[in-house]
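Protein chains: 2
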Amino acid sequence: MKAQTMMKEENHTRNGVNVDELFNTIDAVKNSPVIARFKFRANNQWIDGGHNRTTIKDFYGIQKDHKHEATFKLDADEPPLLLGTGKGPNPVEYLLTALAACVTTSLVFHAAAKGIVLKSVESRLEGDIDLRGFLGISKDVRKGYQEIRMFFKIDADVPQQQLEELVQLGPTFSPVFDSITRGVPVRVSLDK
Amino acid sequence: MKAQTMMKEENHTRNGVNVDELFNTIDAVKNSPVIARFKFRANNQWIDGGHNRTTIKDFYGIQKDHKHEATFKLDADEPPLLLGTGKGPNPVEYLLTALAACVTTSLVFHAAAKGIVLKSVESRLEGDIDLRGFLGISKDVRKGYQEIRMFFKIDADVPQQQLEELVQLGPTFSPVFDSITRGVPVRVSLDK
Chain A
1 MKAQTMMKEE
11 NHTRNGVNVD
21 ELFNTIDAVK
31 NSPVIARFKF
41 RANNQWIDGG
51 HNRTTIKDFY
61 GIQKDHKHEA
71 TFKLDADEPP
81 LLLGTGKGPN
91 PVEYLLTALA
101 ACVTTSLVFH
111 AAAKGIVLKS
121 VESRLEGDID
131 LRGFLGISKD
141 VRKGYQEIRM
151 FFKIDADVPQ
161 QQLEELVQLG
171 PTFSPVFDSI
181 TRGVPVRVSL
191 DK
Chain B
193 MKAQTMMKEE
203 NHTRNGVNVD
213 ELFNTIDAVK
223 NSPVIARFKF
233 RANNQWIDGG
243 HNRTTIKDFY
253 GIQKDHKHEA
263 TFKLDADEPP
273 LLLGTGKGPN
283 PVEYLLTALA
293 ACVTTSLVFH
303 AAAKGIVLKS
313 VESRLEGDID
323 LRGFLGISKD
333 VRKGYQEIRM
343 FFKIDADVPQ
353 QQLEELVQLG
363 PTFSPVFDSI
373 TRGVPVRVSL
383 DK
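Encoded structure:
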């Protein structure tokens with residue numbers, strides 16, 4: 001892995017990110033901002049009880065549709081304690097997954113752009129939910145997360161005192177962090 | 193499936209949800225609100241470039257820790273167009289997955305509580321992101337989703353004109369819908 005990473009360095013790849021392509025992308029978007037408008041998509045099918053399946057197969061960007069290399073299928077379910085059958089993570093755990101993945105990728109990409117070599121990045125997340133909201137028992141209790149905490153362990157070629165700055169690249173640039181902390185308008189309607 | 197559903201009805205199960213247990217849970221929480229305080233958890237490990245893996249294995253609720261039946265591993269990656277290697281859905285697609293799954297489960301559980309029998313529930317979601325935010329090109333462009341749209345197709349034992357009301361049970365009770373639309377404080381720090 002180390003040898004592979006060093007070889008990649010010669011091809012202008014840092015942290016597994018092709019930095020030449022990254023800077024080319026930034027230049028292309030500066031010249032033609034319309035190519036930066038992406039649409040991400042998902043389809044969901046209810047199976048039974050708390051069990052449902054989301055399919056991810058295509059997205060729109062650079063002014064056309066693209067198929068993913070593979071169609072991804074993601075099963076969600078509640079654990080038996082929450083009246084499900086445990087066939088997958090539950091939806092609020094998928095939200096933590098989205099956040100963990102996005103803050104990590106944002107940190108990795110922006111560290112690569114800044115010339116910082118990462119050796120390892122790990123994180124753990126915990127979020128608080130009071131189920132009185134979902135159950136409709138109290139209107140004073142919110143249905144969603146009250147707070148989410150994310151803790152990083154990072155090994156990188158920077159002085160210890162710069163690690164704090166490095167960690168903040170994640171939340172500074174992450175689309176999911178921005179979506180969750182600042183809120184997104186979501187329209188839910190019947191398909192006509 | 194139909195026969196199975198009818199058999200379950202006799203066991204006070206509706207839409208795959210044990211309605212007796214659901215009402216027992218609501219009564220238990222009313223008597224002892226502390227048991228409704230849950231903590232959901234995730235661990236993430238960076239692999240290379242845009243590829244990282246989230247592990248979901250336990251959660252806290254009813255005043256103790258619980259292990260899931262299985263440990264769930266979820267790979268995230270960017271497609272090659274976004275400088276990844278396509279080994280999984282990307283983080284913003286995981287966010288749509290969380291939303292799809294949660295709005296669906298919330299609709300199914302609350303329909304069950306109201307005595308509404310569902311035959312099928314499908315949804316498709318689309319969200320808009322302008323990558324100038326993530327790339328740090330424009331401070332006026334937000335990094336996260338600008339809007340998310342969710343469209344349902346539902347077959348249920350209700351008059352057509354009540355379908356609109358039924359659909360709104362999802363966003364009304366969903367923890368992920370509430371988290372995404374209203375925002376959640378997220379603290380990101382180094383693990384000490």
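Going down the list, the sequences are from chains A and B.
Sequential numbering of the first sequence, starting at 1, is according to the numbering used here.
Sequential numbering of the second sequence, starting at 193, is according to the numbering used here.
Virtual Cβ for every residue (Gly too), placed ideally from N, Cα, C.
B/H204 sits in coil when the DSSP states are folded into three classes, being neither helix nor strand. Excluding the 5 residues flanking it on each side, B/F344 has same chain C-beta neighbours closer than 6 angstroms at S315, V359, in chain order. Apart from the 5 residues on each side of it in sequence, B/V333 sits with its Cβ closer than 6 angstroms to the Cβ of D322, R324, G325 in its chain, given in chain order. Check the Cα spacing between A/E21 and each of A/E164, A/K139, A/A113: the tightest is with A/A113.
The beta carbon of B/D212 does not come within 8 angstroms of any beta carbon belonging to chain A, so the residue lies off that interface.
Excluding five sequence positions before and after B/N244, the CB atoms of its chain that fall closer than 6 angstroms to its own CB belong to N236, W238, A268, given in chain order.
Put simply, of B/K256, B/H302, B/F264 the residue whose alpha carbon is nearest the alpha carbon of B/T205 is B/H302. Between B/P377 and the set A/K57, A/A36, A/E147, A/S179, the nearest pair of CA atoms involves A/E147.
In the DSSP assignment, B/E261 falls within the beta strand (DSSP E) that extends over 256-268. Contact residues of the stretch 306-322 of chain B toward chain A are L310, S312, V313, E314, S315, R316, L317, E318, G319, D320, I321, D322 (C-beta to C-beta distance below 8 angstroms). Interface annotation for the stretch 133-154 of chain A against chain B: G133, F134, L135, G136, I137, S138, V141, R142, K143, G144, Y145, Q146, E147, I148, R149, M150, F151, F152, K153, I154, criterion Cβ-Cβ distance under 9 angstroms.
Counting C-beta atoms within 10 angstroms of its own C-beta, A/E165 has fewer than 16 neighbours from the protein chains shown and is therefore classed as exposed.
Of all residues in the stretch 62-73 of chain A, only I62, H66, H68, E69, A70, F72 come within less than 8 angstroms of chain B when Cβ atoms are compared, listed by chain position.
Inter-residue distance for A/F177 and A/A100 is about 9 angstroms (C-alpha atoms, whole angstroms). A/R37 carries a strand assignment under DSSP once its states are collapsed to helix, strand and coil. For A/V186, the uninterrupted beta strand (DSSP E) run begins and ends at 186-190, by DSSP. Nearest in C-alpha terms to A/V108, of all of A/L169, A/N31, A/F23, A/F72, is A/L169. In its chain, beyond the 5 residues on either side, D77, P79, P80 have a beta carbon closer than 7 angstroms to the beta carbon of A/G86. Contact check for B/V313 against B/T296 passes: the beta carbons are separated by less than 8 angstroms.
Within its own chain, the residues whose Cβ lies closer than 7 angstroms to the Cβ of B/N207, once the five positions on either side in sequence are excluded, are V300, A303, A304, V309, L310, listed in chain order.
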